[in-house]
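Visitor: Counting from 3, one number per residue, gives the positions in the sequence shown under the numbering used here. Each residue gets a CB set at the ideal place from its N, CA and C atoms; glycine is no exception. Pasting in a structure now, in structure tokens, and then I'll have a few things to ask.
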Amino acid sequence: MVHARLIFIFTCLFAKMALIHAEEASYGISGNPGAVNILTGTGELGNLLQIPKSSGFRLGGLWMGDYNALLSGGDGTHHNRRWTGNSLFILDLSIDLQKAVGWNNAFFGAEFLQFNGQPTNADVGVVQGYNSLPGAPPLNRSELYQLWIRQEFLDNKLSVRIGKTVPTYHFNNVSKPVPKENPAISIPSVSGLIYTPIFVNTTLLGAIGGYYNSVYGFVITIAPIKQAYINIGVFDGNLARGVQTGLTGPHFNGYYFSIIEGGYGWTSPKPGIAAIGGWYQSGLLESGSQKDHGTGGVYAFGSQALWIKESYTTNKGNISGFFQLGWNNSKTLPMNLFVGMGLTAFALVQKRPNDSFGVGVAWSRLNPHTFSRYSEWMFQGYYQAQVYSSIYFQPVLSYIPNPGAHPTKSNVVAFTGRLTVLF
């Protein structure tokens with residue numbers, strides 16, 4: 003159980019860090035920055051410890067905590083539990099090796115992750131996941147989340163990252179509307195939705211490594227022009243056979259996950275990005291009586307600013323939209339077809355330029371060998387309020403009319419209150 007006292011202690015500690023010398027954050031952050039941002043937090047922890055920027059060392063991180071209330075529907079098997087809580091802490095160290103030791107165009111990163119939570123999604127019976135923080139058990143874990151080194155070549159037109167990393171940073175990341183890593187203090191996002199599909203296309207769920215099951219492998223990025231990129235990745239694929247890769251070392255046993263993605267971004271007449279990718283998972287995969295001797299799929303996503311309000315302030319109000327598509331040919335993964343879309347409004351509330359709010363819908367066709375329901379719908383809306391600097395609070399309302407894991411339950415409504423502190 004994640005106790006309110008623990009959440010209060012963490013909030014006070016990291017709020018103090020964030021308030022000291024913190025710079026004003028840009029509007030809109032991800033609903034789970036630990037799932038989609040290569041550099042976590044603002045780096046303010048390093049400033050607090052008086053680590054000079056000239057050293058090349060950056061120390062930052064985040065803490066997130068939420069409580070979830072099951073307002074209607076759901077499963078009565080868990081002692082009629084209607085409330086659940088989750089806590090996520092990530093500590094991030096990144097080093098510019100050129101500044102630190104004179105190694106040109108090289109970077110190093112390491113992260114520690116601590117998660118303590120409850121089966122929030124299982125209580126509701128949502129296959130897609132309306133809350134992205136809790137994943138597969140164990141729900142109390144301490145792990146080496148990242149350990150990588152990155153080398154740039156040809157004026158950053160080619161880069162290679164190798165080590166333990168999070169593939170969803172680089173692939174199928176609809177939440178981040180730019181093709182290059184963003185080391186800025188603030189972390190803008192296409193949406194602040196907290197449901198799982200905004201972070202991983204559900205047709206890849208259970209195959210691609212991501213939050214919080216990072217994996218060992220490498221990513222090659224080719225960016226011949228600033229507007230376009232191609233990412234190629236090969237990773238440990240043992241997540242597909244149920245191994246909690248975030249808690250283990252690398253495996254070399256014939257299970258590999260390979261993926262390629264190409265994307266193009268534009269700024270005129272309004273900024274946006276579109277990408278398409280394909281993937282393949284090797285090895286013998288089993289689910290009940292079903293078996294796959296390798297499986298694969300394709301996906302696409304895009305985002306576009308639909309309307310921009312001209313303003314004399316730094317932040318211009320705008321409304322943006324995004325879409326997601328996915329398909330696989332698997333008999334063992336939980337979902338075979340996915341469609342998602344949403345709208346987000348930024349800086350539209352007067353005197354609240356760093357607030358945002360939005361809605362999203364996710365539909366997945368369920369594996370007929372595993373679930374009796376054909377598909378699952380999920381609707382979600384949120385308001386993300388900047389409390390101060392890099393502290394955000396967002397209430398979220400989720401509606402699932404047909405939860406796939408509970409065919410006799412319908413019309414599930416859940417409320418989430420989430421606090422995010424970047425430091």
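Counting along the chain, where does the beta strand (DSSP E) carrying Lys-166 start and finish?
Guide: Taking the first residue of the sequence shown as 1, we reach residue 166 at position 164. 160-167 is the span of the beta strand (DSSP E), which, as asked, contains Lys-166.
Visitor: Between Gly-279 and Gln-306, is the Cβ-Cβ spacing less than 8 Å?
Guide: Numbered from its first residue, the sequence shown carries residue 279 at position 277. Numbered from its first residue, the sequence shown carries residue 306 at position 304. It is not a contact, given that the beta carbons lie outside the stated cut-off.
Visitor: Who does Ile-92 pair with in a DSSP beta bridge?
Guide: As a working mapping, residue 92 is identified with position 90 in the sequence shown. According to DSSP, which records beta bridges pairwise, Ile-92 is partnered with Leu-64, Leu-115.
Visitor: So for Ile-40, helix, strand or coil by DSSP?
Guide: By 1-based counting over the sequence shown, the position of residue 40 is 38. Correct three-state label for Ile-40: coil.
Visitor: When DSSP labels each residue in this structure, what does Pro-397 get in the three-state scheme?
Guide: Taking the sequence shown and counting its residues from 1, the one referred to as residue 397 is at position 395. Pro-397 falls in the strand class under three-state DSSP.
Visitor: Would you list the residues sitting across from Arg-420 in a DSSP beta bridge?
Guide: As a first step, residue 420 must be located in the sequence shown, where it is residue number 418. Arg-420 pairs with Asp-68, Gln-396.
Visitor: Determine contact between the stretch 351-365 and the stretch 378-388, defined as no fewer than three beta-carbon pairs at a distance below 8 Å.
Guide: yes
Visitor: If you count every other CB in all the chains shown that lies within 10 Å of the CB of Leu-64, and 16 or more means buried, which is it?
Guide: Here residue 64 refers to the residue found at position 62 when the sequence shown is read from its first residue. Label assigned to Leu-64: buried.
Visitor: If Thr-204 sits next to Phe-91, beta carbons under 8 Å apart, how far is it from one beta carbon to the other, in whole angstroms?
Guide: Here residue 204 is taken as the residue at index 202 of the sequence shown, counted from 1. Here residue 91 is taken as the residue at index 89 of the sequence shown, counted from 1. Incorrect: roughly 27 Å between the Cβ atoms, too far for contact.
Visitor: Buried or exposed: Leu-268, going by 16 or more other Cβ atoms within 10 Å of its Cβ?
Guide: Counting from one through the sequence shown, the residue named residue 268 turns up at place 266. Correcting the residue type first, residue 268 is Trp in the shown sequence and not Leu. Trp-268 is exposed by the Cβ-count criterion.
Visitor: Could you tell me if Asp-1 is buried or exposed, where buried requires 16 or more neighbouring beta carbons within 10 angstroms of its beta carbon?
Guide: Not covered by the structure: residue 1. The range shown for the chain is 3 to 425.
Visitor: Leaving out five residues on either side along the sequence, give the residues of the same chain with a beta carbon under 8 Å from the beta carbon of Asn-107.
Guide: Numbered from 1 along the sequence shown, position 105 holds the residue referred to as residue 107. Here the set comprises Gln-100, Gln-153, Glu-154, Phe-155, Asn-158.
Visitor: Can you give the Cα-Cα distance for Leu-72 and Arg-84, rounded to whole angstroms?
Guide: Counting from 1 along the sequence shown, the entry for residue 72 is found at position 70. Counting from 1 along the sequence shown, the entry for residue 84 is found at position 82. Roughly 5 Å between the two C-alpha positions.
Visitor: Just the C-alpha distance for Asn-49 and Phe-59, rounded to the nearest angstrom, thanks.
Guide: Here residue 49 corresponds to residue number 47 of the sequence shown, with the count starting at 1. Here residue 59 corresponds to residue number 57 of the sequence shown, with the count starting at 1. Roughly 10 Å separates the two Cα atoms.
Visitor: Could you name the residues that DSSP lists as bridge partners for Gly-235?
Guide: Translated into the one-based positions of the sequence shown, residue 235 becomes position 233. Val-221, Ile-261.
Visitor: In the DSSP assignment, find the unbroken alpha helix (DSSP H) run with Asp-294 in it and report its ends.
Guide: Along the sequence shown, one-based indexing puts residue 294 at 292. Counting along the chain, Asp-294 falls outside any alpha helix (DSSP H), though it belongs to the beta strand (DSSP E) covering 292-310.
Visitor: Specify the secondary structure class of Ile-200 as computed by DSSP and reduced to three states.
Guide: Looking up residue 200 in the sequence shown gives position 198. Helix.
Visitor: Taking the beta carbon of Ile-227 as the centre, do at least 16 other beta carbons fall within 10 Å, making it buried, or is it exposed?
Guide: Taking the first residue of the sequence shown as 1, we reach residue 227 at position 225. With fewer than 16 Cβ atoms within 10 Å of its Cβ, Ile-227 is classed as exposed.
Visitor: Counting Cβ pairs closer than 8 Å, one from the stretch 392-399 and one from the stretch 111-126, do we hit at least three?
Guide: Flag = no, the stretch 392-399 and the stretch 111-126 do not touch.
Visitor: For Pro-199, which residues of its own chain have a beta-carbon under 6 Å away from its beta-carbon, when the five flanking residues on both sides are left out?
Guide: As a first step, residue 199 must be located in the sequence shown, where it is residue number 197. Excluding residues within five positions, the ones whose Cβ falls inside 6 Å are Gln-130, Gly-342, Ala-364.
Visitor: CA-CA distance, Leu-421 and Asn-174?
Guide: As a working mapping, residue 421 is identified with position 419 in the sequence shown. As a working mapping, residue 174 is identified with position 172 in the sequence shown. Approximately 25 Å, taken between the alpha carbons.
Visitor: Which value, in whole angstroms, describes the spacing of the CA atoms of Thr-79 and Leu-368?
Guide: Taking the first residue of the sequence shown as position 1, residue 79 is located at position 77. Taking the first residue of the sequence shown as position 1, residue 368 is located at position 366. Here Thr-79 scores only 47 on pLDDT, less than 50, and its place in the model should not be relied on; the value that follows carries that caveat. One C-alpha to the other measures close to 22 Å.
Visitor: Indicate whether Ala-277 and Gly-304 have their beta-carbon atoms separated by less than 8 Å.
Guide: One-based indexing of the sequence shown puts residue 277 at position 275. One-based indexing of the sequence shown puts residue 304 at position 302. In this structure, Gly-304 lies closer than 8 Å to Ala-277 by Cβ.
Visitor: Roughly how many angstroms lie between the CA atoms of Val-162 and Phe-220, to the nearest whole one?
Guide: Here residue 162 refers to the residue found at position 160 of the sequence shown. Here residue 220 refers to the residue found at position 218 of the sequence shown. Roughly 7 Å separates the two Cα atoms.
Visitor: Counting C-beta neighbours from all protein chains within 10 Å, is the total for Val-103 16 or more, i.e. buried, or is it exposed?
Guide: Locating residue 103 in the sequence shown gives position 101, counting from the first residue. When all chains shown are included, Val-103 counts as exposed.
Visitor: Counting along the chain, where does the alpha helix (DSSP H) carrying Val-103 start and finish?
Guide: As a working note, residue 103 is residue 101 in the sequence shown. Note, Val-103: alpha helix (DSSP H), 99-103.
Visitor: Could you say which of Asn-233, Arg-354, Ile-224 lies nearest to Tyr-390 if we only look at CA atoms?
Guide: Within the sequence shown, residue 390 is the residue found at index 388, counting from 1. Comparing Cα-Cα distances from Tyr-390 to each of Asn-233, Arg-354, Ile-224, the minimum goes to Arg-354.
Visitor: Which partner residues of Gln-382 appear in the DSSP bridge assignment?
Guide: Numbered from its first residue, the sequence shown carries residue 382 at position 380. In DSSP, Gln-382 forms a bridge with Gly-362, Ser-400.
Visitor: Is the distance from the Cβ of Ser-193 to the Cβ of Gly-419 below 8 Å?
Guide: Counting from 1 along the sequence shown, the entry for residue 193 is found at position 191. Counting from 1 along the sequence shown, the entry for residue 419 is found at position 417. Taking a C-beta distance under 8 Å as the contact criterion, Ser-193 and Gly-419 do not qualify as a contact pair.
Visitor: Would DSSP call Val-126 helix, strand or coil?
Guide: Within the sequence shown, residue 126 is the residue found at index 124, counting from 1. Of the three classes helix, strand and coil, the one that applies to Val-126 here is helix, per DSSP.
Visitor: Helix or strand or just coil, what does DSSP make of Asn-330?
Guide: By 1-based counting over the sequence shown, the position of residue 330 is 328. Strand at Asn-330.
Visitor: On the criterion of 16 or more Cβ atoms from any shown chain inside 10 Å, does Lys-18 qualify as buried, or is it exposed?
Guide: Stepping through the sequence shown from its first residue, residue 18 is reached at position 16. Note that Lys-18 has pLDDT 34, beneath the 50 cutoff, so the model's placement of it is unreliable and the number below is only indicative. Under the 10 Å beta carbon count, Lys-18 is surrounded by fewer than 16 other beta carbons and is classified as exposed.
Visitor: For Thr-346, which of helix, strand or coil comes out of DSSP?
Guide: If you number the sequence shown from 1, residue 346 lands on position 344. Strand.
Visitor: With DSSP collapsed to three states, give me the class of Ala-27.
Guide: Your numbering for residue 27 matches position 25 in the sequence shown. With a pLDDT of 38 at Ala-27, under the threshold of 50, the predicted position of this residue should be treated as unreliable, and no value is reported.
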